[in-house]
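This report concerns only the one structure given below.
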Amino acid sequence: MFTVTVHHYLVVSAILFSLGTIGVLTRRNAIVVFMCIELMLNGVNLSFIALSHFLGNMDGQVFVFFVMTVAAAEAAVGLALMIAFFKHKESIDVEDFNLLKW
Amino acid sequence: MYDKLWLIPFFPLLGCLINGLLGKKIKNEKIIGGIGTLAMVSSFVLSCKYFFQLLGDTVKTHEVVVASWMTVGQLQVDWGFMFDPLTAVMLLVVTGVGSLIHLYSIGYMHGEEGFYRYFAYLNLFAFSMLMLVTGSNALVMFVGWEGVGLCSYLLIGYYFHKKSASDAAKKAFVVNRVGDFGFLIGLFVLYWTLGSHGVWTVNFLEIGKNAHLLGMGSTVVTLVTLCFFLGATGKSAQIPLYTWLPDAMEGPTPVSALIHAATMVTAGVYMIGRMNPLFALSPDTMMVIAVVGGVTALFSASIGLAQNDIKRVLAYSTVSQLGYMFLAMGVGAFTAGIFHLMTHAFFKACLFLGSGSVIHAMHHAYHHAHLHDDPQDMRNMGGLRKKMPITFLTFLVSTIAIAGIPGFSGFFSKDEILWWSFASTRGHVALWVLGACAAGMTAFYMFRLVFMTFFGEQRTHAKAKDHVHESPLVITIPLMVLGLLAVVGGYIGIPHVIGNLVGHIPNYFGDFLAPVFAPTQELYHISAHGTAAAEFGLMGVSVGIALCGIFLAYIMYIKNPALPGKFVASFTGLWRAVFNKWYVDELYDALVVNPTKKIGTFCWKGFDVRVVDGVVNGIGKLINVFSNALRYTQTGFAHNYAMTMALGVVAILAFYVFR
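Going down the list, the protein sequences come from chains A and B.
Counting the first sequence from 1 gives a position; my numbering is that position plus 321.
Number 25 in my numbering belongs to position 45 of the second sequence; there are no gaps in the numbering.
Structure representation (structure tokens):
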């Protein structure tokens, strides 16, 4: 029987995090970038939960609640920013977000 | 007994503070001048009281410590004052002549802008000078020493809106600083070498007591005394630092009389007298002093022969007479040197004040006639003896005194110096020749001055001619007192040969100063030996030379006024060199002033602007260049930042994984 160990969880979590990172770095649509960030956060959440479960310690799960709370707040602020930006520029392409430069 | 000694310098300080701080509000010239003069007279009265007290005292040296000044390591310095015969003489001269000159100034400076400023400076000068002569240690003396230099600067530059005056003030200050530097170095070396013998002191009495520890004629004592002598040449206007004194005549005439003739410039002579046990230890330094003094006496007298500015002649005469004093100090005739200092203070102050009276009269006459001729040029004077009889008489008397005619004060002191320079164990016949030649020149140029100013035709501009009047009493009273002193001042120090001749009259002045100088002279076998006949012979010769000088002046400027012109025509080169002061100023400019300026310009434009500023500005520019290059990394794309961050994380992880 194939046993699921902590390593498997961690590998999945690493894959999720990497996918999220690549998405943040390569995608140009701000909403997609935003979703990728969520993906990274959830990748990390997964490893928290897995380690918490296998170590028999609840701290990791508590952390995850905090992360989810922060992610929810971030989603609210981030989406509001994007709407404001879209009203201004009629675009949510991150390539257009380049006012703060030399 | 002498515990109120500190009051003597304190009175003028008080006067200075009152006039300096409140003078602008007081405005009334009589009150301001009165305060200044009263301060000096108070000091004079107290000096007299202590002088008479000292006469009846068996102990001749007293020290009064007012407060402790500083204690640094082994060095213990007090605000200490001392009173001994030497100080007493200096105090009487400074406060006595000073009082008269303060009084005179009330009349002379009448109506001048900054009248209160003048009296504040003058009192500050008196304070410094009195600190200088009463200080019981070298540091208190140095306070006075610097103070008189400062006041000299302030008073020479009194007419500061005149460029020549402010230049002269700066010159005096800078040249004096060169000498002061020598004084300080000498003091440091003395302090440390005495300290290495276990005596850490700057007190004059202690220095005198322990000077012998340094060893007779040792190198260090020669070095120390030469450094001190450099200080003296600066303050007392001797070769090589004399050039500031003639320029100092830019100041008001009473200042020239007080500071640049009677008192401040004698500080160097006093200092050598004060440290005589130290100076006597180095025959080499003594010889240097004597030679410098003798050469200065002759050299500056020669310049005085051809000057036309009445004050300039007197200035060169002062340098020359100071040379006599140093000649005396150098041959060990300390008493004679101080004696000449005193008589010189009388007759030279009188001469300067007399010239001031003349200038005052000329100035007013020109002012009346709306002319702008030079009131100091003797070629514009002549025939003033009838117009200004009191000034003329006092001037004549002082001139006779300075020329060394028997019976007048200058004769006694000058011949004492000449006799010592000839017969002293540290003298030399060549020194006597220098002194005697200078005496002849002195007689010539002084009588030339008198003849050009007071005799002959009045050469003043016709419009101003009748406006020349005798000065008011406030000016002539000091003249009369000083004139009287110039006649009788010498009788307190009649040389022994003359005293013995007329019946055992002692040399009161010499006996009075003996506690200060005699121990040194005995210890180091300094004395003048010779027969009475030899002394009379030399006296006769020097008087003869002086009479020749007077006669020559009479022929050239009264009998045959065309003669000087002919002389100039036939010796043009020589005359021009003398008239231009032997080009010493030009020489100093070329050798010292201009190279120093060049070094200064180099340090400024070459080093400071290029190197120092270059480094500072360079660092700023470098940062600018770097940040200019780096700012292109701020692209504004969140992508790039995220990428940089991710790469950084990867790099750090890689470092920990693969190391």
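For each residue, glycine too, the CB sits at the ideal point set by N, CA and C.
On a predicted model such as this, the values are computed, not experimentally measured, just so you know.
Using 7 Å as the limit for Cβ to Cβ distance, is L331/A near chain B? no
Which residues of chain B have a Cβ atom closer than 9 Å to the Cβ of N419/A, listed in chain order? T615, G616, F617 and A618
In whole angstroms, what is the alpha-carbon distance linking G317/B and L554/B? 32 Å
7 Å Cβ cutoff met for L193/B and H177/B: yes
CB of N117/B within 7 Å of CB of A19/B, strictly: Inclusion of N117/B and A19/B in the CB contact set at 7 Å is not warranted, their separation being larger than that value.
Looking at chain B, is there any beta carbon in it that lies within less than 7 Å of the beta carbon of V345/A? yes
Between A609/B and chain A, is the shortest Cβ-Cβ distance under 7 Å, so that the two count as touching? no
Evaluate A397/A with the Cβ neighbour count: other Cβ atoms within 10 Å of its Cβ, from every protein chain shown; 16 or more gives buried, anything less gives exposed. exposed
Rounding to the nearest angstrom, what Cα-Cα distance links L134/B and E126/B in this structure? 12 Å
Thinking C-beta only, is S393/B closer than 7 Å to A508/B? no
At 8 Å on the CB atoms, spell out the chain A contacts of A622/B, in chain order. V345 and L346
So is A634/B in contact with chain A if we call contact Cβ pairs under 7 Å? Using a CB distance cut-off of 7 Å, A634/B does not count as an interface residue toward chain A.
Per-residue contacts from A626/B into chain A (C-beta, under 7 Å): T342 and L346
Assign E43/B to one of three DSSP states: helix, strand, or coil. strand
Would a C-beta distance cut-off of 7 Å place M111/B and Y98/B closer than the cut-off? No, Cβ-Cβ distance for M111/B and Y98/B is not below 7 Å.
Closest Cβ-Cβ distance between V365/A and chain B: below 7 Å? no
Tell me which same chain residues have a C-beta within less than 6 Å of the C-beta of H343/B, skipping the five on either side of it? P355
From N183/B, L130/B, A145/B and T181/B, pick the residue whose C-alpha is nearest to that of D160/B; which is it? Measuring from the Cα of D160/B, the nearest candidate turns out to be L130/B.
Pairs of beta-carbons, one from the segment 221 to 231 of chain B and one from the segment 193 to 208 of chain B, closer than 8 Å: are there three or more? no
Looking only at C-alpha atoms, which of Q56/B, K150/B and F279/B sits nearest to K561/B? F279/B
Between the Cα of K443/B and those of I290/B, A349/B, I603/B and A542/B, spot the shortest distance and give me the residue it belongs to. When C-alpha distances from K443/B are compared across I290/B, A349/B, I603/B and A542/B, the shortest belongs to A349/B.
Return the CA-CA distance between T75/B and A542/B, expressed in angstroms with no decimal places. 45 Å
Rounded Cβ spacing between I81/B and L238/B (contact assumed at less than 8 Å): About 4 Å separates the two Cβ atoms, so the contact holds.
Against E416/A, what residues of chain B qualify as contacts under a CB-to-CB distance less than 9 Å, listed in chain order? F617 and H619
Starting from M50/B, follow its DSSP beta bridges and name the residues at the other end. In the DSSP assignment, M50/B forms a beta bridge with V57/B.
Against chain B, does K408/A count as a neighbour if the rule is that its beta carbon must be under 7 Å from one of theirs? no
Uninterrupted beta strand (DSSP E) stretches inside the segment 56 to 97 of chain B (no shorter than 3 residues): Restricting attention to beta strand (DSSP E) runs no shorter than 3 residues, the segment 56 to 97 of chain B encloses none.
Do the CB positions of L362/A and A392/A come within less than 7 Å of each other? yes
On the premise that G415/B lies in contact with A526/B, defined as a C-beta separation below 8 Å, what is that separation, rounded to the nearest angstrom? Not confirmed; about 11 Å, so no contact.
Sheet register partners of G195/B (DSSP bridge): None, per the DSSP bridge assignment.
Rounded Cβ spacing between T265/B and G303/B (contact assumed at less than 8 Å): Their Cβ separation, rounded to whole angstroms, is 16 Å, which puts T265/B and G303/B out of contact at 8 Å.
What beta strand (DSSP E) runs, 3 residues minimum, are completely inside the segment 150 to 185 of chain B? If you keep only unbroken beta strand (DSSP E) runs of at least 3 residues inside the segment 150 to 185 of chain B, you get nothing at all.
Name the DSSP beta bridge partners of N350/A, please? D414/A, per the DSSP bridge assignment.
In the DSSP assignment, the alpha helix (DSSP H) including L248/B goes from what residue to what residue? It should be pointed out that residue 248/B corresponds to Gly in this sequence rather than to Leu. Taken as a continuous stretch (DSSP letters only), the alpha helix (DSSP H) holding G248/B covers A247 to R254.
Are the CB atoms of L398/B and S236/B within a distance shorter than 7 Å? No, the Cβ-Cβ distance between S236/B and L398/B is not below 7 Å.
Going by C-alpha distance, which of Y138/B, L364/B, M70/B and Y101/B is nearest L(-3)/B? Y101/B
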